[in-house]
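My numbering puts the first residue of the sequence shown at -4, with every later residue one more than the last.
One structure is given here, and the rest of the page talks about it.
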Amino acid sequence: MSDRKKIVLVTGASSGIGHATAIEFAQKGFKVYAGARRLEPMEDLKQYGVIPIQLDVTSNESVLKLKEIIKHDNGGYLDVLYNNAGQSCTVPALDIPDDWAQRCYEVNVFAPMRLVRELGPYVINAQGCIGFTGSVSGVVPFPLSSVYSSSKAAIHAYAAGLRIEMKPFNVKILNFVTGGVKTHIADTRSIPKGSIYDIPEMELPLKNRQEMAKKNNPISAEAYAKQVVNDFINAKSVDGSLNYYRGAKSYLLGWLLFWCPRFIVEKILISKFKLVPVYDFFQHKYSKEKME
């Protein structure tokens, strides 16, 4: 089977990183399946030879249907499983409803686990690669994104454990610690009415957090995709790198936590996210009042 065409699955391919990565893989000569809940945004991928698949990564039934397609079309081989589908969640920890938190974890954590469980044997058959779109916020958790950051930290830890489990099968694991990339994943939900954060001082920090990626010279999804596809192609050994810092300022944030005490990092984040007036307000208010 050494002369067979290599097979790739990219999830979350309706836009942004997934869409660009599907195109880049196809242009490199791979047979590419692009998965997303909606087919319409992936119609243009057909011109590159990409095969759009309707896929809800949170549905076991949907994943099992995909599994049958991969088995039927490719004899049970999958060279690259790229778990890219993601769900943002920019909400203070004291405000997040159960269903929002569950949705974040369903997409960012449980869905990749499901895909690895069901498609992992096909990656083993190909002695291929499994990749994850992680985040710098999983390394340096951001304020107003504690749940999202925790979901990315969880997938980083999962990737690290999976790497050890997959070594005897010669399957390579790549975790992309992603910085600024121009995508449409940003969460634009407002602070809930009645929240303790529903104060005028919070307006600027929330807007700043939602627009953070745009303000930090993010790289294009196409530039990111070129890096990621090359990383997959060049992953030859199970003892190679696990974490790949890709996207604007990803290396900087990883370096920051490694070299700086956490309280210094927290001061930097509080300033960067324009939270000083908010914290001053709370410290003054709740030094005199009891929270109900």
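For glycine and all other residues, C-beta sits at the position ideal for the given N, C-alpha and C.
In this structure, F127 sits away from N69, with a CB-CB distance that is not shorter than 7 Å. Nearest C-alpha to S83 among Q97, H14, L89: Q97. Beta-bridge analysis with DSSP links A29 to V5, P47. Of all C-beta pairs linking the stretch 186 to 200 to the stretch 156 to 165, fewer than three are shorter than 8 Å, placing the two stretches out of contact.
Restricting attention to P200, A218, D234, the CA atom closest to the CA of L264 is found in P200. Along the length of the stretch 78 to 114, whole alpha helix (DSSP H) runs at least 4 residues long occupy 93 to 100, reported in chain order. Rounded to whole angstroms, K267 and R33 show a C-alpha spacing of 36 Å. No Cβ-Cβ contact shorter than 7 Å links K62 with E19. The C-beta separation of A80 from T6 comes to about 4 Å, placing the pair in contact by the 8 Å criterion. The beta carbons of V102 and V3 sit no closer together than 7 Å. In this structure I46 touches V27 by the C-beta definition: roughly 7 Å separates them, less than 8 Å. Of S9, N225, N238, the smallest CA-CA separation from K147 is found for N238. Annotation: Y192 is outside any beta strand (DSSP E) and is labelled neither H nor E by DSSP. Between V233 and the set I150, A149, A155, the nearest pair of CA atoms involves A155. Straight across, the Cα-Cα distance linking P116 with I91 is about 37 Å. For G156, there is no enclosing beta strand (DSSP E); the residue is found in the alpha helix (DSSP H) stretching over 141 to 161.
For N55, the enclosing alpha helix (DSSP H) begins and ends at 55 to 69.
Restricted to the stretch 199 to 259, the alpha helix (DSSP H) segments that are unbroken, complete and at least 4 residues in length are 207 to 210, 216 to 229, 245 to 254, listed in chain order. DSSP, read as helix, strand or coil, puts V134 in coil.
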